[in-house]
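One structure is given here, and the rest of the page talks about it.
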Amino acid sequence: MPYIEKMGLSYLALILFCIANLAHASCSKTIVVNQASWKPYMYTDLSGKHAGLDHELVKHILTLAGCDFEFVEFPSRRALFELEKGRIDMVAGASITPEREIYGRFTTSYRDETMVIFIRRQNQGHFPAVNLEQMLDTHQIIMGAVIGAYYGEQFSRLNQKKLTQNNQLILMKNNKNLLSLLSLNRIDAAVGDKISLSVMANEMGIGEDFAVHDLILNQDFVHLLLSKRSTTVEDLHKINKAIEVFTQSDVYTDLLSRYGLQRNRGQNREELKLGDDALGYIYSPAHHSGSSIGSF
């Protein structure tokens, strides 16, 4: 049977509402999902349990789809390789790229993301630019990013090899290391998911040291990515139906609010926004004690 953690009446009502549509649903296999390390979307809490917004969303969606599932842990870049080979079946928080469409199938979107540039607060208003390439060329800044993540077309168009050789681009393995470099004046800017960077900065106690640059790198929807080698088109259809139903529910809205997000009612269901200013959002692991990677 699919994994179902303790649920309130609202969620049970949602399941009953979906029985007519999903009564015959079951995936072709137990779905092996990668549990990335990317707060607040996916991470391991202090008690050693898997947690995070995407972790919970995936569990709810797959349960509604009637799928058995289990989580494994790989770094995001390695997870894509394993998914291509069919050794894992799903990754969460994925942006659509032509390369990934070769070996994977994308579900409909289940939330959105905003990729931004963090700078030190004293530099707020500095480095004006209409795009990322102009920002790097005109101001000769040193920028940091996490290796293997997808930051949108502006970042993808950069000659990253040349920038790295010229010490204008520093690649790190996680946001914590990236923000440490920014705080220590080792880099001038850090690119990343607005929520994830904000959560990590506040957790490190340095959230007030940073500001968000006016240039937005990417605003897009994120998806679940299924392996073509190990899953079926029918699996995709069942999961898409579950996403469609779940993202219209109050349970979905309540879950977003627990992580400092809210659905922008009256507009497209996937247009999410921060409930508070990103840098003012204080993330507390205790806030998610009932729980059991951004996109990349």
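Per mature numbering (1 follows the signal peptide of the UniProt record, and there is no 0), the sequence shown runs over residues -25 to -1, 1 to 271.
Ideal Cβ placement from N, Cα and C applies to all residues, glycine included.
CA-CA distance, residue 346 and Lys24? The chain is shown only over -25 to 271; residue 346 falls outside these bounds and no answer can be derived.
Alpha-carbon spacing of Gly123 relative to Asn98, whole angstroms: As a working note, residue 123 is residue 148 in the sequence shown. As a working note, residue 98 is residue 123 in the sequence shown. Their Cα atoms are separated by approximately 27 Å.
Would you mind sorting Thr222 into buried or exposed? The rule is 16 or more other CB atoms within 10 Å of its CB. What you label residue 222 is simply residue 247 of the sequence shown in a count that begins at 1. Result: buried.
I'd like to know if the region 79 to 97 and the region 147 to 167 are in contact, where contact means that at least 3 CB-CB pairs between them fall below 8 Å. Yes, they touch.
When burial is assigned at 16 or more other CB atoms within 10 Å of the CB, is Ile(-22) buried or exposed? On the sequence shown, position 4 is the one that residue -22 refers to. Its pLDDT being 41, under 50, Ile(-22) is placed unreliably in this model, and the value from its coordinates should be taken loosely. Burial call: exposed.
Between Leu211 and Thr82, how many whole angstroms is the CB-CB distance? I'm expecting something under 8 Å. Position 236 of the sequence shown, counted from the start, is the residue given in the question as residue 211. Position 107 of the sequence shown, counted from the start, is the residue given in the question as residue 82. The Cβ separation is near 6 Å, so the contact holds.
Going by other Cβ atoms of all chains shown within 10 Å of its Cβ, with 16 needed for buried, is Asn177 buried or exposed? Counting from 1 along the sequence shown, the entry for residue 177 is found at position 202. Residue burial is scored here from C-beta neighbours: Asn177 has at least 16 other C-beta atoms within 10 angstroms and is therefore classed as buried.
Presumed contact (8 Å Cβ cut-off) between Glu59 and Tyr85, rounded CB distance: If you number the sequence shown from 1, residue 59 lands on position 84. If you number the sequence shown from 1, residue 85 lands on position 110. Contact doesn't hold; Cβ gap of about 22 Å is too wide.
Can you give the Cα-Cα distance for Gly182 and Asn152, rounded to whole angstroms? Here residue 182 corresponds to residue number 207 of the sequence shown, with the count starting at 1. Here residue 152 corresponds to residue number 177 of the sequence shown, with the count starting at 1. Taking the straight line joining both Cα atoms gives about 14 Å.
Buried or exposed for Val47, going by 16 or more other Cβ atoms inside 10 Å? On the sequence shown, position 72 is the one that residue 47 refers to. Here Val47 is exposed. Its C-beta has fewer than 16 other C-beta atoms within 10 Å.
Any idea if Gln140 is buried or exposed, counting beta-carbon neighbours within 10 angstroms, 16 or more meaning buried? Translated into the one-based positions of the sequence shown, residue 140 becomes position 165. Exposed, by the Cβ-count rule.
Check whether the Cβ atoms of Gly27 and Ser1 lie closer than 7 Å to each other. Walking along the sequence shown from the start, residue 27 turns up at place 52. Walking along the sequence shown from the start, residue 1 turns up at place 26. Their beta carbons are not under 7 Å apart, which means Gly27 does not touch Ser1 by this criterion.
DSSP three-state call for Leu247: helix, strand or coil? Your numbering for residue 247 matches position 272 in the sequence shown. The predicted model places Leu247 with a pLDDT of 40, which falls under 50 and marks its position as unreliable; any figure quoted below should be read in that light. In this structure, Leu247 counts as strand in the three-state DSSP scheme.
Applying the criterion that 16 or more other CB atoms from any shown protein chain within 10 Å of the CB defines a buried residue, is Asn150 buried or exposed? In the sequence shown, the residue the question calls residue 150 occupies position 175. Flag for Asn150 reads buried.
What separation, rounded to the nearest whole angstrom, lies between the Cα atoms of Arg96 and Gly61? Reading the sequence shown from its first residue, position 121 is the one you call residue 96. Reading the sequence shown from its first residue, position 86 is the one you call residue 61. Rounded to whole angstroms, Arg96 to Gly61 spans 44 Å at the Cα level.
Among Gly127, Tyr234, Phe196, nearest to Ser173 - alpha-carbon criterion: Indexing the sequence shown from 1 puts residue 173 at position 198. Of Gly127, Tyr234, Phe196, the smallest CA-CA separation from Ser173 is found for Tyr234.
Using only the alpha-carbon positions, how far apart do Lys4 and Thr38 sit? Residue 4 sits at position 29 when you count from the first residue of the sequence shown. Residue 38 sits at position 63 when you count from the first residue of the sequence shown. Rounded to the nearest whole angstrom, the CA to CA distance from Lys4 to Thr38 is 13 Å.
Please classify Gln194 as buried or exposed, where buried requires at least 16 other C-beta atoms within 10 Å of its C-beta. In the sequence shown, residue 194 corresponds to position 219, counting from 1. Classification of Gln194: exposed, given that the 10 Å Cβ count is below 16.
Whole-angstrom C-beta distance between Met175 and Leu154, which should lie under 8 Å: Taking the first residue of the sequence shown as 1, we reach residue 154 at position 179. Taking the first residue of the sequence shown as 1, we reach residue 175 at position 200. Leu154 to Met175, Cβ: 6 Å. Contact.
Got a sec? Which residues, its chain only, sit under 7 Å from Tyr18 by beta carbon, not counting five neighbours each side? Here residue 18 refers to the residue found at position 43 when the sequence shown is read from its first residue. Taking Tyr18 as the centre and dropping the five residues before and after it, the same chain places the C-beta of Ser12, Ala26, Gly27 closer than 7 Å to its C-beta, in chain order.
Ordered along the chain, which non-local residues of its own chain (more than five positions away) have a Cβ less than 6 Å from that of Leu156? Sequence index remark: in the sequence shown, residue 156 carries index 181 (1-based). Only Gly119, Ile162 meet the Cβ criterion.
By the three-class DSSP mapping on this structure, what secondary structure does Leu58 have? Numbered from its first residue, the sequence shown carries residue 58 at position 83. In the three-state DSSP reduction, Leu58 falls in the helix class (H, G or I).
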